[in-house]
Amino acid sequence: MTDVVVVGGGVAGLVAARDLAKGGAHVVLVEAGDRLGGMLRRHTVDGLDLDMGAESFATRNDAVERLAVELGLGGDVVSPDPRGAWLMTRDGRTAPIPQTGFLGIPGSPMAADVLAVIGQGAGFRAQMDALLPSPVGARAESLGALVRKRMGERVLDDLVVPVAGGVYSTHPDQLDPDRVAPGLRAALQREGSLARAVLALRSRSAAGSAVQGIRGGIVRLVDELVADMTTYRVDVRLGTRATAVERFAVETVRADGSRERLPAQHVLASTADPTRTTAPDRTGIELVTLVVDQPELDAGPRGTGMLVHPDADGVRAKALTHATVKWPWLAEAAAGRHVLRLSYATRPDEDASGAAETGTSLPVEPDDTVGARATRDATALLGVPVTADRVRGAARVRWYGPDLTAAGLAEGVVGIGETSSGRGLAGIVASARASAERILGS
Numbered sequence: 028m029t030d031v032v033v034v035g036g037g038v039a040g041l042v043a044a045r046d047l048a049k050g051g052a053h054v055v056l057v058e059a060g061d062r063l064g065g066m067l068r069r070h071t072v073d074g075l076d077l078d079m080g081a082e083s084f085a086t087r088n089d090a091v092e093r094l095a096v097e098l099g100l101g102g103d104v105v106s107p108d109p110r111g112a113w114l115m116t117r118d119g120r121t122a123p124i125p126q127t128g129f130l131g132i133p134g135s136p137m138a139a140d141v142l143a144v145i146g147q148g149a150g151f152r153a154q155m156d157a158l159l160p161s162p163v164g165a166r167a168e169s170l171g172a173l174v175r176k177r178m179g180e181r182v183l184d185d186l187v188v189p190v191a192g193g194v195y196s197t198h199p200d201q202l203d204p205d206r207v208a209p210g211l212r213a214a215l216q217r218e219g220s221l222a223r224a225v226l227a228l229r230s231r232s233a234a235g236s237a238v239q240g241i242r243g244g245i246v247r248l249v250d251e252l253v254a255d256m257t258t259y260r261v262d263v264r265l266g267t268r269a270t271a272v273e274r275f276a277v278e279t280v281r282a283d284g285s286r287e288r289l290p291a292q293h294v295l296a297s298t299a300d301p302t303r304t305t306a307p308d309r310t311g312i313e314l315v316t317l318v319v320d321q322p323e324l325d326a327g328p329r330g331t332g333m334l335v336h337p338d339a340d341g342v343r344a345k346a347l348t349h350a351t352v353k354w355p356w357l358a359e360a361a362a363g364r365h366v367l368r369l370s371y372a373t374r375p376d377e378d379a380s381g382a383a384e385t386g387t388s389l390p391v392e393p394d395d396t397v398g399a400r401a402t403r404d405a406t407a408l409l410g411v412p413v414t415a416d417r418v419r420g421a422a423r424v425r426w427y428g429p430d431l432t433a434a435g436l437a438e439g440v441v442g443i444g445e446t447s448s449g450r451g452l453a454g455i456v457a458s459a460r461a462s463a464e465r466i467l468g469s
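According to the numbering used here, the sequence shown is numbered sequentially starting from 28.
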């Protein structure tokens with residue numbers, strides 16, 4: 028019997044396995060694929076090594092930065108360009124994201140940058156939040172319901188939907204406020220208004236940017252974690268699929284058909300049914316990356332990018348990151364070219380392959396549906412014509428989130444990853460490390 032079996036070689040599995048092995052545990056990590064890192068990978072587009080998945084991490088806790096320091100990357104943790112991002116409303120209006128907000132909820136409803144988005148009438152309605160008793164909306168089951176009751180429909184639709192919805196790829200009516208905004212309810216009760224609660228949460232946040240990155244790409248975390256697998260002698264088994272996850276054992280099958288039962292004192296996993304790769308109701312993201320030679324973009328017309336209302340007129344992308352504005356190190360590497368990352372909501376039934384994730388090169392020709400869509404959306408969002416003849420390289424990748432219908436773990440199995448922690452590198456890393464610490468202390 029081994030000490031711990033970790034199912035899955037994504038970032039949660041790597042972090043937990045590393046910490047456990049460093050603490051003296053004998054760890055076996057099984058991964059169905061042929062590589063480690065999960066959604067943190069790199070691809071090369073027009074000669075540039077770029078993150079295929081996440082390119083930043085939230086600073087609401089120090090989990091990722093602390094891990095980066097331990098991995099020897101502390102000197103390469105960087106903040107984004109301070110120009111910030113813009114948003115696009117349902118009716119196609121664009122404006123900078125207000126400075127005093129949190130997930131789009133304004134801390135100063137009558138501020139000029141808020142009124143520029145929602146208008147004066149909606150601003151007065153949002154200001155009524157200060158007159159409402161604190162219990163109003165405090166028990167709302169969703170972030171959308173909470174904002175709607177306190178500040179009105181316009182604040183929700185014009186600000187919170189594009190911002191919070193863009194961050195979490197989910198409408199605020201489906202977001203649990205306790206998960207995406209810990210402490211917000213308590214601050215509302217304490218401060219007496221949602222706006223003051225937002226300002227209080229912002230004042231207690233660490234100074235600096237809400238996100239950070241790593242020079243050379245977030246994927247460098249995976250490089251160092253994989254290196255530590257050897258240093259701390261983690262038994263890594265690629266091409267090994269878990270077919271059953273139990274409290275004290277994991278059943279596995281390898282590509283050659285051989286089967287093995289791995290008994291363990293502890294088991295960590297992200298899903299109760301690892302044999303399922305897709306489900307009809309799983310949503311995901313298609314990320315289209317364009318490397319363009321477009322000097323008109325040098326001015327960064329929309330700052331570091333845009334978050335888009337899902338029903339915005341004439342635009343299918345839900346977000347655009349102007350990566351070479353956001354990250355000065357990437358601008359230096361790109362040598363005058365611009366890197367644009369456009370995100371689209373997608374579903375497994377739109378992908379004939381049914382794969383959990385795919386990554387392919389993308390020709391950008393006038394008659395290419397995806398390439399034409401990406402250049403058309405980039406033009407609409409940036410206000411600068413982005414045409415196929417200016418594209419030097421492109422790629423597309425599809426990522427699907429966890430299958431929540433298969434997420435119920437057997438009693439005693441420790442949950443890690445998105446299913447247990449929600450989306451976001453900061454939460455996933457913090458949760459994985461806490462799980463490892465509890466096992467080492469038991």
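Note that the Cβ used here is the ideal one computed from N, Cα and C, for glycine as well. Here the structure is a predicted model, which is why all the values come from computation and not from measurement.
Report yes if the CB atom of Ala143 is closer than 8 Å to the CB atom of Ala122, and no otherwise. Result yes, Cβ atoms of Ala143 and Ala122 sit closer than 8 Å.
Should Ser473 and Lys345 be called a contact, given that it needs their Cβ atoms to be closer than 8 Å? Lying before the first or after the last residue shown, residue 473 is absent from the chain, which here runs from 28 to 469.
Taking the CB atoms as reference points, tell me whether Ala461 and Asn88 lie closer together than 8 Å. No, Cβ-Cβ distance for Ala461 and Asn88 is not below 8 Å.
Rounded to whole angstroms, what is the Cα-Cα separation between Gly80 and Ala138? If I take the Cα positions, the gap works out to 35 Å.
Helix, strand or coil at Asp255 [DSSP, three-state]: Here Asp255 sits in helix by DSSP.
Roughly how many angstroms lie between the CA atoms of Ser448 and Ile455, to the nearest whole one? So the two alpha carbons sit approximately 6 Å from each other.
Would you mind working out which of Thr270, Ile312, Thr446 and Leu170 sits nearest Val424, comparing C-alpha positions? Selected option, being the one with the closest Cα: Ile312.
Which value, in whole angstroms, describes the spacing of the CA atoms of Glu218 and Ala254? The alpha-carbon atoms of Glu218 and Ala254 are separated by roughly 47 Å.
Hey, how far is the Cα of Leu114 from the Cα of Ala48? Using only the alpha carbons, I get a separation of about 44 Å.
Hey, quick one: how far does the beta strand (DSSP E) through Arg465 stretch, first residue to last? Where Arg465 is concerned, there is no enclosing beta strand (DSSP E), although the alpha helix (DSSP H) it sits in stretches over Leu452 to Gly468.
Own chain, CB closer than 7 Å to Arg177, minus 5 neighbours either side, in chain order: Non-local beta-carbon contacts of Arg177 in its own chain, meaning distances under 7 Å to residues more than five positions away in sequence, involve Asp156, Leu159, Val163, Gly164 and Leu221 in chain order.
Residue range of the beta strand (DSSP E) that includes Leu75: Taken as a continuous stretch (DSSP letters only), the beta strand (DSSP E) holding Leu75 covers Leu75 to Asp78.
Taking the C-alpha atoms as reference points, what is the distance between Gly192 and Asp262? Each residue's Cα considered, the two are about 39 Å apart.
Under the rule that 16 or more other beta-carbon atoms within 10 Å means buried, what is Asp185, buried or exposed? So Asp185 counts as buried.
Within 10 Å of its beta-carbon, does Ala459 have 16 or more other beta-carbons around it, so buried, or fewer, so exposed? Answer is buried; the Cβ neighbour count reaches 16.
Which same chain residues, not among the five before or five after Gly327, have their C-beta less than 8 Å away from its C-beta? Counting only Cβ-Cβ distances below 8 Å, and skipping sequence neighbours, we find Asp108, Arg110, His349 and Val352.
Inter-residue spacing [alpha-carbon to alpha-carbon] between Val96 and Glu251: Taking the straight line from one Cα to the other gives about 11 Å.
Output the boundary residues of the beta strand (DSSP E) element that contains Gly420. For Gly420, the enclosing beta strand (DSSP E) has its first and last residue at Val418 to Tyr427.
Checking 8 Å against the spacing of the C-beta atoms, do Asp73 and Arg368 come in under that value? No; because the gap between Cβ atoms is not below 8 Å, this pair is not in contact.
Give a yes or no on whether the C-beta atoms belonging to Leu334 and Pro189 are separated by under 8 Å. In contact: Leu334 and Pro189 (Cβ atoms closer than 8 Å).
Integer-rounded CB distance, given that Ser297 should sit under 8 Å from Ile443: The C-beta distance from Ile443 to Ser297 rounds to 6 Å, short enough to meet the 8 Å contact threshold.
Given a threshold of 16 other Cβ atoms within 10 Å of its Cβ, counted over all protein chains shown, does Met66 qualify as buried or as exposed? By the neighbour-count rule (16 or more Cβ atoms within 10 Å), Met66 is buried.
From the DSSP output, read off the bridge partner residues of Tyr371. Paired residue(s): Glu313.
Leu408 and Val366: beta carbons closer than 8 Å? Not a contact, by the Cβ cut-off of 8 Å.
Look at the alpha carbon of Asp404 and the alpha carbon of Glu273, and state the distance between them as a whole number of angstroms. Each residue's CA atom was taken as its position, placing Asp404 and Glu273 some 47 Å apart.
Less than 6 Å between C-beta atoms, sequence neighbours within five positions excluded: which residues of the same chain meet that for Asp416? In its chain, beyond the 5 residues on either side, no residue has a beta carbon closer than 6 Å to the beta carbon of Asp416.
Taking 8 Å as the threshold (C-beta atoms), are Ala291 and Val32 in contact? The answer is yes: Cβ separation under 8 Å.
Determine which residues share a DSSP beta bridge with Arg93 and list them. According to DSSP, which records beta bridges pairwise, Arg93 is partnered with nothing at all.
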